[in-house]
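Here is the structure we will look at, set down as structure tokens.
Protein chains: 2
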Amino acid sequence: MKNSTRATIRDVAAAAGVTPTTVSDALTGKGRLSAETRVRVREVASQLGYRPNALARGLRGKGLGLLGLVISPAPSATLSTVWYWSTIANKATETAFASGFALVLLPHNAEVLSSMPIPLDGAIVVDPIAHDPVLKVLRDSGMFVVTVGRDPENEIEPWVDDDNARGARQLLGRTVRPGSRLAMLTMDPRKSYAHDARMGAQQWADDTKSTFFSQACSGLEPEAVDLALDTVLSQKVNAILVQNDKLAIVTLARLQARGIRVPGDVLLLSATDSPDLPHTKPSITATHQHPERLGQLAASALIDSIHGSQPPGRQMVALDLIIRRSAPALRG
Amino acid sequence: MKNSTRATIRDVAAAAGVTPTTVSDALTGKGRLSAETRVRVREVASQLGYRPNALARGLRGKGLGLLGLVISPAPSATLSTVWYWSTIANKATETAFASGFALVLLPHNAEVLSSMPIPLDGAIVVDPIAHDPVLKVLRDSGMFVVTVGRDPENEIEPWVDDDNARGARQLLGRTVRPGSRLAMLTMDPRKSYAHDARMGAQQWADDTKSTFFSQACSGLEPEAVDLALDTVLSQKVNAILVQNDKLAIVTLARLQARGIRVPGDVLLLSATDSPDLPHTKPSITATHQHPERLGQLAASALIDSIHGSQPPGRQMVALDLIIRRSAPALRG
DNA sequence: TTGAAAGCGCTAACAG
DNA sequence: CTGTTAGCGCTTTCAA
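Here the protein sequences line up with chains A and B, keeping their order.
Numbering-wise (the working numbering), the first sequence opens with residue 1 and increments by one.
Numbering-wise (the working numbering), the second sequence opens with residue 1001 and increments by one.
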């Protein structure tokens, strides 16, 4: 009996009167042992509190089953963005564990990553920025990478993403009359979801002979929003699609401060949902993303790659259309 | 030359005309080589793109440098709670990386954890619940554990936490007149921060001959808050301390709906801050936590333990007092 | 200042 | 069905 160190496979073998190989096979379930031996060895093992050394196991073969998780910092990270990310992370963790993998949090820093001491088998990058150096570093080191969201200018598969373009198009189709004048208010149009929503809106406008234009808004301060609204309203729009929930709430307040009625004078729609949107007056119509689904798909796709099977290159998750009072459904 | 697999220490040794031992020493900086040899070996290594295999390294000795991170799910997780957690996680990741460690996301599930295949060197548990089974599993497996926040009924060190009791006491001291009638509105009094804030409030009341009582509120819906306010207001309170920012915002709205002026008739204070609190009318006075500091302290304490040095058993982080309009500073 | 040998704990390949 | 052997890639003795 060893004294204080953890029991090794040899201790178990000795105690059970078999060889290390047999112990290994008994525990990993290789199909070559008698049921009786297997049971006995397992009993001895658990009696000794034996836990296989994952490092030795990984060294011999397939690696440790570690997946990196990089979450790119948004310059304008709002609370709901954080919630979105953490949902992805939680679900990806759960999915990974179910397949014997685990997620390692990685800093969004190409330099640090290029000298990473941890042996990763793959990585998930959430919301990569344009030409993300982190992606390059990870791919260059020969790692499998799946992105959640994508760099619109450089779509390397596999990726998973919300189908924001389709969501925006559908939401507009359900709530805004053809031939309308629509504006989109963006804060960070480089984010792929904003880009996609804009594409969807543009397409809807093309399909319905509507007028569409996009207006940047420099921040969430009332002054910034007022400035953007000056431009937008001078174009006599009757519908405004806003990049995110936070901006939607401020926009609603600023519209109302001008005496503009929502939805009476202008329809208001948000490209992201949040728990706050049902509680504004009026409540705000929005598309609703499914981060938990993204987390699950990303982890599965990555694990498939690692196991050698080719996952789908691109997976789009449909959005829910949440139709509230700020842009009610068109009458059939 | 090996074909597709990664270069090993032996490849480097062969290319440099030395033995594996020398390569190892050259790269890890053991002090027994001539400067010349060291430089040459390092050059060859980087030319071959050699990266030491962390598994083999860990197997021989000290482990891999992996720390588990468990974030306990709150039954009533609000957006700002998520932000708080993710800040802790980010800073802990950064701190860990600086010391050659990495964080692995763990599910909050005792069963899953008890058969964890990943070789962890320690774990950080954020906001453990009362008698948290996850803590027990981790500790029983002989792992170093640091908690952020603590189970009030079972404070096992080391832990780090916000000093919510002191924060509440100080904030009340700055804004509420002695001899007042104060109520605290709680949603989940089992959370240690709520418990602590209540202790602080109680202590302030004792010190200042004020009256204090605590009232549970079952949720964030207007009806739930109205119900709690019925009880509270019937006690003629002139100050209300609320468990969190979200509840504070709803409480403000419901008070105003009754025609009660804040701060004229009743002072309102929140035990957590959020980016929304400056923008309410009136803005809401609050204590402000420092999750980034907690993340850093937790990671350092854990790494200290692993390295064999005894970290401080308990580390309290002082809160900032953010005095806004809903409870202005007492005049000197 | 360097080399040779011996493992860390496990499993794959090959015998029996 | 089970045992023996030979490593995975590295570091740590110990010897030169």
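Glycine residues also receive a C-beta, built at the ideal position from the N, C-alpha and C atoms.
From a predicted model like this one, the values you see are computed outputs, not experimental measurements.
- Scanning the segment 128-210 of chain A for uninterrupted alpha helix (DSSP H) segments of 4 residues or longer gives 133-140, 164-175, 192-207, listed from N- to C-terminal end.
- In the structure shown, Gly295 of chain A adopts helical secondary structure according to DSSP, grouped into three states.
- Residue-level contact by beta carbon holds for Gly1058 of chain B and chain A, with a gap shorter than 8 Å.
- The residue among B:Leu1135, B:Glu1223, B:Ala1130 with its C-alpha nearest the C-alpha of Asp1188 of chain B is B:Ala1130.
- Of the candidates A:Leu241, A:Arg198, A:Pro282, A:Ala123, A:Ala123 places its Cα closest to the Cα of Ala298 of chain A.
- At a cut-off of 8 Å between beta carbons, Val104 of chain A contacts chain B.
- With 16 or more other Cβ atoms from the protein chains shown falling within 10 Å of its own Cβ, Ala301 of chain A counts as buried.
- Under the Cβ criterion of 8 Å, Ile1118 of chain B is counted among the residues facing chain A.
- Chain A has no Cβ within less than 8 Å of the Cβ of Phe1144 of chain B.
- Three or more beta-carbon pairs drawn from the segment 56-72 of chain A and the segment 92-106 of chain A are found closer than 8 Å, and the two stretches are therefore classed as touching.
- Shown here, Val232 of chain A sits in a helix according to DSSP, grouped into three states.
- For Ile1240 of chain B, the enclosing beta strand (DSSP E) has its first and last residue at 1239-1242.
- Using a 10 angstroms sphere on the CB of Ile156 of chain A, the tally of other CB atoms stays under 16, which defines it as exposed.
- If you draw a straight line from the Cα of Arg1181 of chain B to the Cα of Lys1281 of chain B, it is about 23 Å long.
- Per the C-alpha coordinates, the member of B:Asn1244, B:Ala1228, B:Asp1245 positioned closest to Val1237 of chain B is B:Ala1228.
- The beta carbon of Glu1094 of chain B is closer than 6 Å to none in its chain, skipping five residues each way along the sequence.
- Within the segment 1184-1215 of chain B, no residue has its Cβ closer than 8 Å to any Cβ of chain A.
- Look at Ser300 of chain A here: in three-state DSSP terms it is helix.
- Per DSSP, reduced to three states, the secondary structure at Val1266 of chain B is coil, with no helix or strand assignment.
- Within 8 Å of the CB of Thr1093 of chain B, the CB atoms of chain A belong to Leu105, Leu106, Pro107, in sequence order along the chain.
- Against chain B, the CB of Ser86 of chain A has a partner CB under 8 Å away; the residue lies at that interface.
- Residue pairing of Leu1277 of chain B in beta bridges, as defined by DSSP: absent, with no partner found.
- In the three-state reduction of the DSSP assignment, Thr8 of chain A falls in the coil class, being assigned neither a helical nor a strand state.
- With a 10 Å radius around the Cβ and a threshold of 16 neighbouring Cβ atoms, Lys191 of chain A comes out buried.
- Using a Cβ-Cβ distance cut-off of 8 Å, the segment 308-327 of chain A and the segment 1019-1037 of chain B are not in contact, since fewer than three pairs of beta carbons, one from each stretch, lie closer than that value.
- Ala224 of chain A has its alpha-carbon roughly 22 Å from the corresponding atom of Thr285 of chain A.
- In chain order, Ile1088, Lys1091, Ala1092 place their CB closer than 6 Å to the CB of Gly1295 of chain B, counting only its own chain and leaving out the 5 sequence neighbours on each side.
- DSSP places Gly1058 of chain B in the helix class (H, G or I) of the three-state scheme.
- In terms of Cα proximity to Ala168 of chain A, the closest of A:Gly142, A:Leu330, A:Asp196 is A:Asp196.
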